[in-house]
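Take a look at the structure below.
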């Protein structure tokens, strides 16, 4: 009888805790997705200082990153991935171009939103050298850049990438 009473008390406690649980809808269960963008650049031409942007599109919501990558033109190659946080975290823009990096590479001015948020980036398609400039200074990098450093963090107004 005593064991039955303990089981009944435990069952009642579990039932009351279950009753306090707020049901979660599928929309509530879906994590909030960061913004993921796609920037497509023309190759740097002789005499030009910056590659001309061909398109810039952003996606939010479920599977935003997958949709951004899927929107890249078939002939384009991925050159960079920008991230708002150090160690490639936060929101992203994937940068594509018409061909893999060569010694001329690509150079461009991030828009004002990215200029004040860029903290790290990955390089792809043979791009292994980069140069970044901002109001507080500049720096050259080799390979992926997990953090641009305190001088350039959230202050990049020009980037050049190339195969070195």
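In our numbering, the protein residues as written are 1232 to 1395. Backbone N, C-alpha and C define an ideal beta-carbon position, used for all residues, glycine too.
Suppose the cutoff is 8 Å on Cβ atoms and the five residues either side in sequence are ignored; what does the same chain contact list for residue i look like?
| i | result |
| --- | --- |
| residue 1336 | 1275, 1358, 1360, 1391, 1392, 1393 and 1394 |
Would you grab the beta carbon distance between residue i and residue j for me? Rounded to a whole angstrom, and I think it's under 8 Å.
| i | j | result |
| --- | --- | --- |
| residue 1319 | residue 1377 | 7 Å |
Relative to the alpha-carbon of residue i, which residue among the options has its alpha-carbon at the smallest distance?
| i | options | result |
| --- | --- | --- |
| residue 1366 | 1346, 1296, 1294 and 1373 | 1346 |
| residue 1282 | 1386, 1332, 1303 and 1267 | 1332 |
| residue 1334 | 1356, 1341 and 1352 | 1356 |
| residue 1341 | 1380, 1292, 1309 and 1364 | 1364 |
| residue 1382 | 1374, 1373, 1267 and 1351 | 1351 |
| residue 1353 | 1291, 1385, 1325 and 1267 | 1325 |
| residue 1297 | 1266, 1280 and 1311 | 1266 |
| residue 1300 | 1315, 1389 and 1271 | 1271 |
| residue 1343 | 1327, 1369, 1315 and 1368 | 1315 |
| residue 1348 | 1387, 1291 and 1312 | 1387 |
Using the beta-carbon count (16 or more within 10 Å), is residue i buried or exposed?
| i | result |
| --- | --- |
| residue 1322 | buried |
| residue 1304 | exposed |
| residue 1373 | exposed |
| residue 1306 | exposed |
| residue 1255 | Residue placement at residue 1255 cannot be trusted, given a pLDDT of 32 that sits under 50; what the coordinates show is reported in the next sentence. Counting Cβ neighbours within 10 Å, residue 1255 comes out exposed, since fewer than 16 surround it. |
Who are the Cβ neighbours of residue i in its own chain at under 7 Å, not counting the five residues just before and after it?
| i | result |
| --- | --- |
| residue 1302 | 1269 and 1288 |
| residue 1403 | In the structure as shown, the chain begins at 1232 and stops at 1395. Residue 1403 is therefore absent and cannot be evaluated. |
| residue 1253 | Because the pLDDT of residue 1253 is 31, which lies under 50, any placement of that residue in the model is unreliable, and the number read from its coordinates should be weighed accordingly. Contacts found: none. |
Starting from the C-beta of residue i, find all residues in its chain whose C-beta is less than 6 Å away, skip the five residues before and the five after it, and write them out in chain order.
| i | result |
| --- | --- |
| residue 1329 | 1274 |
| residue 1362 | 1371 and 1391 |
| residue 1317 | 1350, 1351 and 1378 |
In chain order, each alpha helix (DSSP H) run of at least 4 residues that lies wholly inside the region 1293-1357: Given a length threshold of 4 residues, each whole run of the alpha helix (DSSP H) inside the region 1293-1357 is given here in chain order: 1295-1301 and 1343-1346.
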